[in-house]
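To start, the structure under review is shown below, and the notes come after it.
Residue numbers (this note's numbering): 143 to 565.
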């Protein structure tokens, strides 16, 4: 497949997701010219499983990304042209397989957008979902089947589901914007990404509504300090210490504007091992995992974690007393069960006892797990901050790292990652 086709996919995918506030940035491209890295089966479920295993073992270690899309010329069984796991973004299952079913790049891009939508928690549209001025079945991206016209918009239902996914699941990987030198294909004025040589980029001349930016040159207009960003307001940089990203939960940390940049600092979260959710869990990678919450995600809102006796009987043959709570499958009690395609393990980091968490499917003492932080780490922050997940001081507004012992001056006072695989 020609590289030119890839650029068409990239541009089309970008345009499909932009109206819902999601920026798709291509950070890697693998073309399997000599041999396939996995056996590509006509069974899409088999191919998806093999691809996600390959992604985890070989692709992620060399190319950091949030989501991987596999595009193949193999004709999948039946009418299937794509398959993906739901609610999988930022997890080991974040990816999809897509059949290159059309010479029109927009047609394939709409399939990729559809499958990525499943990764983002979107389900198929129903008859009451509205897409622009038309009904969903006539051309919305998450329609179960596609007509003669390729879909170009997400429905009202998809927008609501996306908002719910971002609020409730809080996929942390989408908050870290990759550096522009990692974007595949090089700078391009008009793609709405700030890239080397640009002061701003508000999209094409036709769509640009930003008064700070010249869409033709991608340069700032006279008098403007910035074009966009969480720390930019009315073309001026926000003062030092302005909150640009509020904390999203017990295990998250708020970020503040530096006064020097329009970009909010990289998302940070607390050290692993801090108590969260009223003492029912321990922070792990910015989340507060619990068996109860994960059970509801898997089986529906009425599900509850069963008693320890149920775990012993149905989920954990040959497990020790502690490890009964870290099973490879769940014991549940529920009157209604949501339809799912894939089960998952008890989330790593889930509390299974006092100072104990599930790790590698074992209930282990936090102090024996290397990736859990030291309790005394924040002592070096001089009571003006706390240690973050990198064991560095996350300082209060007005104080500067590395030890929060120097006040920041305000310079304004006179002075979401995808990789595409082709075979």
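Yeah, the Cβ is synthetic: ideal placement off N, Cα and C, and Gly gets one too.
In the same chain as residue 190, and ignoring 5 residues on each side of it, the C-beta atoms closer than 6 Å to its own belong to 225 and 239, in chain order. Following the DSSP letters along the chain, one finds residue 330 in no alpha helix (DSSP H), marked with neither H nor E. Using a Cβ-Cβ distance cut-off of 8 Å, the region 395-402 and the region 373-383 are in contact, since at least three pairs of beta carbons, one from each stretch, lie closer than that value.
Within a 10 Å sphere around the beta-carbon of residue 259 sit 16 or more other beta-carbons, which makes this residue buried. Around the beta carbon of residue 223, 16 or more other beta carbons lie within 10 angstroms, which makes this residue buried.
Taking the C-beta atoms as reference points, residue 432 is found nearer than 8 Å to residue 492.
The beta carbons of residue 498 and residue 507 sit about 6 Å from each other, so the pair counts as a contact at 8 Å. Straight-line measurement puts the Cα of residue 209 at about 12 Å from the Cα of residue 227.
Minimum Cα-Cα distance from residue 494 among the listed residues 417, 526, 524 and 532 corresponds to 417. Using a Cβ distance threshold of 8 Å, residue 337 and residue 329 count as a contacting pair.
Short of 6 Å from the beta carbon of residue 372, and not among the five residues preceding or following it, lie these beta carbons of its own chain, in chain order: 386 and 406.
DSSP places residue 229 in the coil class of the three-state scheme, outside both helix and strand.
When rounded, the separation of the alpha-carbon atoms in residue 527 and residue 410 is 13 Å. Under DSSP, residue 362 takes part in a beta bridge, and its partners are 355. Burial check for residue 253: the Cβ neighbour count within 10 Å reaches 16 or more, so the residue is buried.
The alpha-carbon separation between residue 156 and residue 167 amounts to approximately 8 Å.
For residue 397, the three-state secondary structure derived from DSSP is strand. Excluding five sequence positions before and after residue 332, the CB atoms of its chain that fall closer than 8 Å to its own CB belong to 343, 345, 346, 347, 357 and 360, given in chain order. The Cβ atoms of residue 546 and residue 530 lie no closer than 8 Å to each other.
As computed with DSSP, residue 387 is found in a beta bridge with 397. The Cβ atoms of residue 294 and residue 194 do not sit closer than 8 Å to each other. Secondary-structure assignment with DSSP links residue 507 through a beta bridge to 498. Residue 425 and residue 365 have their C-alpha atoms roughly 44 Å apart. Per the C-alpha coordinates, the member of 263, 200, 187 and 257 positioned closest to residue 305 is 263. Counting C-beta atoms within 10 angstroms of its own C-beta, residue 176 has fewer than 16 neighbours from the protein chains shown and is therefore classed as exposed. Annotation: residue 268 to residue 202 spans about 35 Å, alpha carbon to alpha carbon. One Cα belongs to residue 509, the other to residue 414, and the distance between them is close to 11 Å.
Beta-bridge partners assigned by DSSP to residue 417: 424.
Annotation note: the region 163-215 contains the following uninterrupted beta strand (DSSP E) runs of length 3 or greater, listed N- to C-terminal: 168-173 and 209-214. The three-state reading of DSSP puts residue 542 in strand, counting E and B together. Collapsing the DSSP output to three states places residue 514 in coil.
In the DSSP assignment, residue 527 falls within the beta strand (DSSP E) that extends over 527-529.
For residue 493, the secondary structure class from DSSP, reduced to helix, strand or coil, is strand. Cα atoms of residue 395 and residue 377: separation of roughly 27 Å, rounded to the nearest angstrom.
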